[in-house]
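To start, the structure itself, in structure tokens.
Chains as they are written, first to last, in our numbering: chain C, 11 to 440; chain R, 288 to 860.
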């Protein structure tokens with residue numbers, strides 16, 4: 011298992027999550043201790059030099075985001091941690107929040123120090139009720155021990171973290187919808203510009219980063235950018251948490267160095283496909299991500315290699331699908347998810363997903379025509395290029411990538427053939 | 288101001304920074320279709336009908352919301368953009384009932400017009416229309432949410448202009464809808480029935496409850512004497528129903544059309560507006576002299592009455608007890624006019640043509656029957672009148688001007704300015720000044736109370752006493768003043784509140800698609816009419832003087848109180 015490199019997950023499961031003593035013994039809070047002796051701009055330089063990108067899915071360079079916010083002069087500024095991990099097949103934040111919450115707290119506190127912020131909000135998804143309790147205990151203990159709250163570590167810097175939550179809407183994972191939800195408004199995305207760095211939470215400049223991103227901050231500050239950049243590839247530095255799920259033997263969260271291939275992830279770490287079945291495809295980034303075929307298994311887990319194959323890392327979820335599955339059936343399942351989760355505000359997502367399902371159902375029951383395939387392609391393009399936010403823009407990507415890789419399966423369904431024998435065609439009907 | 292250089296469809300253009308693609312394109316004659324966009328509202332970018340391609344952007348951009356940047360290269364008609372826009376429109380149409388031929392917005396619908404300009408001939412998508420129950424549970428407003436395209440304009444006007452929040456967006460995905468709290472019918476919400484939502488709705492989802500059939504039945508009955516009154520604001524908007532320019536003054540054609548429709552007498556609400564000034568002006572003087580509740584607030588806007596009754600019942604004593612001109616007219620038609628003509632009031636049917644849908648509710652208030660008969664029997668909006676004229680195959684534009692009938696059609700310029708925000712105030716000041724000082728006003732135009740501003744203030748020297756007055760234009764502004772009254776910070780003596788932006792010329796019963804630019808044109812026309820009138824002061828209206836002489840006695844007389852005043856406070860909605 012040498013392909014696993016545990017920069018931020020080494021302590022998960024080994025220490026009591028909310029214990030300050032155990033966290034400190036594991037060299038926790040060293041990043042914060044160092045940060046408060048540093049000039050904020052030097053911390054930002056370190057983050058920039060680490061070349062870490064946001065781990066929520068959009069992969070925006072973290073240092074640039076911090077630098078932009080730093081140069082905004084008005085305040086107060088808010089620090090927001092996006093812990094609304096709603097992407098199916100993604101459970102890495104769950105691990106970090108539940109098993110090492112103090113690292114997230116430390117990362118947020120460092121950010122707070124950099125931006126002179128006194129308040130941070132962490133939005134933990136409604137389904138993680140127990141984790142919210144653990145996290146709150148961790149906050150309370152950090153306050154009691156002077157790592158959070160008033161006059162942190164005897165300085166004049168004060169920073170408090172507030173936990174907020176929603177009722178389980180996937181779209182609240184979109185940063186602007188998340189801020190609306192914190193403000194008590196319906197969780198629907200905001201129009202941009204203005205960008206959240208300028209007009210964010212409560213209309214104030216705001217930093218929004220993912221749980222995993224914040225977890226890396228203490229490491230980078232404590233050990234320096236170079237320690238981080240020794241892992242990974244030329245354009246993708248450090249490690250990444252990957253969630254293996256689906257038809258794979260060893261499901262779970264693994265911290266790996268960028269550069270590992272999809273094959274190594276699925277077959278070495280993941281242990282391959284169970285029950286003697288064969289690999290059919292994988293979906294990287296969860297339902298909003300793209301599907302890849304066997305031919306793409308040699309692709310390296312890094313931003314440039316994935317992009318060159320038309321893929322993206324997204325949240326880091328890899329859903330493995332074996333050959334007993336039908337593409338149409340799988341896409342129906344994905345589309346039902348998006349129908350459930352669309353906020354309904356914009357036309358392509360609200361109306362597009364339901365129409366996509368109608369079309370998929372035609373393929374599934376033997377009523378599809380070649381024209382339907384054209385309609386689906388045009389619809390998917392409109393959703394991808396024309397939706398208001400990332401949810402709608404990614405909802406049809408599974409279809410587009412499956413169509414690219416498994417075109418014949420769509421055509422077979424027009425001829426009422428389902429190789430996995432899942433779709434039930436009605437006799438005599440077209 | 289920084290200038291940005293860009294190209295749109297390969298044409299170079301320079302525009303100030305913060306200009307949107309939509310605005311920039313318009314300047315060079317490039318049309319980008321829109322649907323949720325409304326010039327008086329915030330940018331929503333949710334319909335996605337205005338998608339265009341910006342070179343270098345990984346997605347298409349909405350022209351309405353995207354600001355230009357230096358070196359930007361926009362292609363509004365690339366294959367990608369064109370196909371995406373068409374697909375978006377087809378998606379909307381797949382969830383819209385295709386009953387255009389029998390829809391109230393047939394030929395006057397933004398969606399229909401887009402489908403036409405896009406050249407939609409078939410739709411690849413399956414119809415997903417779900418028919419929802421039409422809300423008909425109030426006398427004014429109909430909501431047919433099956434037709435809603437979820438643009439959000441109605442929600443914004445309700446919340447941002449009126450501050451009511453009776454409607455909001457609810458649920459998500461395919462269940463996403465414009466709804467009320469707990470999805471209750473509108474009469475169980477705090478809706479004041481202003482109808483501003485109907486003006487901004489691009490489709491046939493929100494409109495007035497039509498009463499044309501009942502009016503037509505009265506007209507068809509030879510035993511019924513049908514009289515009609517037309518509100519001040521209708522004469523500057525009815526022409527728009529027949530393709531005339533916004534604000535076109537069509538008084539003579541309006542009267543002629545009403546005669547053609549068969550109304551026995553065509554009268555003018557301007558007359559009862561003059562009467563309102565006599566009563567309300569004297570009421571103000573009485574309150575000033577006898578220590579009555581001040582500030583006194585006008586009571587002629589029924590949406591406003593619904594508002595104060597529901598939101599600020601404790602301030603109702605501030606309201607003038609005057610009925611609105613519409614109701615005063617009705618009460619007189621069934622008494623004074625009935626006596627003069629010898630027609631039994633039970634044979635008189637009073638119709639009002641109003642720029643307003645709340646007037647329908649007002650006329651149906653149980654207490655509005657002081658003569659023993661309903662003051663007003665039916666209220667039609669400007670739009671309904673337009674439809675009636677069309678349905679009767681009357682060619683409005685070639686009608687020769689006709690005059691209002693006597694006696695209840697004689698009015699002054701003070702009556703007509705009731706149609707614009709600040710008009711009631713100005714009319715009152717003209718009369719109050721002259722009653723108090725017994726001198727003639729040098730200048731009749733009180734410019735400071737006119738115009739579109741949210742809150743207008745003025746100080747008028749009336750015989751050495753300074754009278755501080757204010758005008759609230761729309762309900763959100765009314766709330767600001769009411770809060771000041773509550774906290775005792777208000778030193779106004781007299782306040783005019785008009786529920787709708789711009790006053791009645793911007794009312795919820797005016798032609799669909801009324802915008803601020805239309806409102807401004809109508810306001811201009813209202814003051815032009817005033818200026819052209821031989822008489823411009825209510826207390827100089829000879830018919831009003833005769834009315835007092837023959838029938839009412841004097842302002843605030845017992846008879847006036849019985850017929851022309853009322854008590855608000857019952858939340859009768």
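We put the beta carbon where it would ideally sit given N, CA and C, even for glycine.
No experiment lies behind these values; they were computed from the predicted model shown.
Residue 461(R) reaches chain C at 349, 352, 354, 360, 361, 363, 364, counting residues in chain order whose Cβ is nearer than 9 angstroms. Pairwise C-beta distances place the region 752-763 of chain R out of contact with the region 551-560 of chain R, as fewer than three of them are shorter than 8 angstroms. Taking a C-beta cut-off of 7 angstroms against chain C, the contacting residues of the region 333-346 of chain R are 333, 334, 335, 338, 346, listed in chain order.
Membership of residue 514(R) in the beta strand (DSSP E) is indicated by the continuous run 512-517. Ranked by Cα distance from residue 368(R), the options 339(R), 738(R), 616(R) are led by 339(R). CA-to-CA, the gap between residue 809(R) and residue 794(R) works out to about 11 angstroms. Under the 9 angstroms criterion on CB atoms, residue 270(C) is classed as non-interfacial with respect to chain R. Residue 108(C) places its beta carbon 9 angstroms or farther from that of residue 149(C). Contact with chain R is absent for residue 236(C), since none of that chain's Cβ atoms lies less than 9 angstroms from the residue's Cβ. A straight-line Cα-Cα distance of about 5 angstroms links residue 311(C) and residue 269(C).
For residue 303(R), the closest Cβ of chain C is not nearer than 9 angstroms. Taking every protein chain shown into account, the CB of residue 358(C) has 16 or more other CB atoms within 10 angstroms, so this residue is buried.
Within the region 362-389 of chain R, contact with chain C at the beta-carbon level (separation under 7 angstroms) is assigned to 367, 370, 371, 374, 375, 378, 379, 381, 382. Residue-level contact check: residue 208(C) does not touch chain R, since none of the beta carbons of chain R fall below 9 angstroms from its beta carbon. In the three-state reduction of the DSSP assignment, residue 354(R) falls in the strand class.
Residue 218(C) and residue 294(C) have their C-alpha atoms spaced approximately 23 angstroms apart. Straight-line spacing of the CA atoms in residue 362(C) and residue 380(R) works out to 12 angstroms. For residue 321(C), the closest Cβ of chain R is not nearer than 9 angstroms.
Listed along the chain, the chain C residues whose CB falls inside 8 angstroms of the CB of residue 354(R) are 203. Counting only residues of its own chain and dropping the five nearest sequence neighbours on each side, residue 287(C) has a CB closer than 7 angstroms to the CB of 257, 332, 333, 334. The three-state reading of DSSP puts residue 256(C) in strand, counting E and B together. Between residue 428(R) and residue 478(R), the C-beta gap is smaller than 9 angstroms, which places the two residues in contact.
When Cβ-Cβ separations below 9 angstroms define contact, residue 412(R) makes contact with chain C. Setting aside the 5 residues that flank it on each side, residue 487(R) is surrounded in the same chain by 325, 440, 441, 444, each with a C-beta closer than 7 angstroms to its C-beta; the list follows chain order.
Using a Cβ-Cβ cut-off of 9 angstroms, residue 177(C) is close to nothing in chain R; its nearest Cβ partner there is about 11 angstroms away. Within 10 angstroms of the beta-carbon of residue 125(C) lie 16 or more other beta-carbons, which makes it buried. 494(R) is the residue among 303(R), 333(R), 494(R), 352(R) whose C-alpha sits nearest the C-alpha of residue 645(R). Per DSSP, residue 389(C) is one residue of the alpha helix (DSSP H) stretching across 380-396.
Beta-bridge partners of residue 598(R) (DSSP): none assigned. 388, 389, 391, 392, 393, 394, 395, 396, 397, 398: these are the residues of the region 387-398 of chain C whose beta carbon lies less than 9 angstroms from some beta carbon of chain R, given in chain order. Scanning the region 462-522 of chain R for uninterrupted alpha helix (DSSP H) segments of 4 residues or longer gives 483-487, 499-507, listed from N- to C-terminal end.
Between residue 523(R) and residue 539(R) the beta-carbon gap is near 13 angstroms, outside 8 angstroms, which marks them as no contact. Put simply, the CB of residue 240(C) is far from chain R, with every gap to its CB atoms at 9 angstroms or more. Chain-ordered listing is empty here: chain C has no CB closer than 8 angstroms to the CB of residue 400(R), the nearest sitting near 17 angstroms. At a cut-off of 9 angstroms between C-beta atoms, residue 330(R) counts as an interface residue with respect to chain C. The beta carbon of residue 711(R) sits closer than 7 angstroms to those of 585, 587, 705, 783, all from its chain and outside the five residues before and after it, given in chain order.
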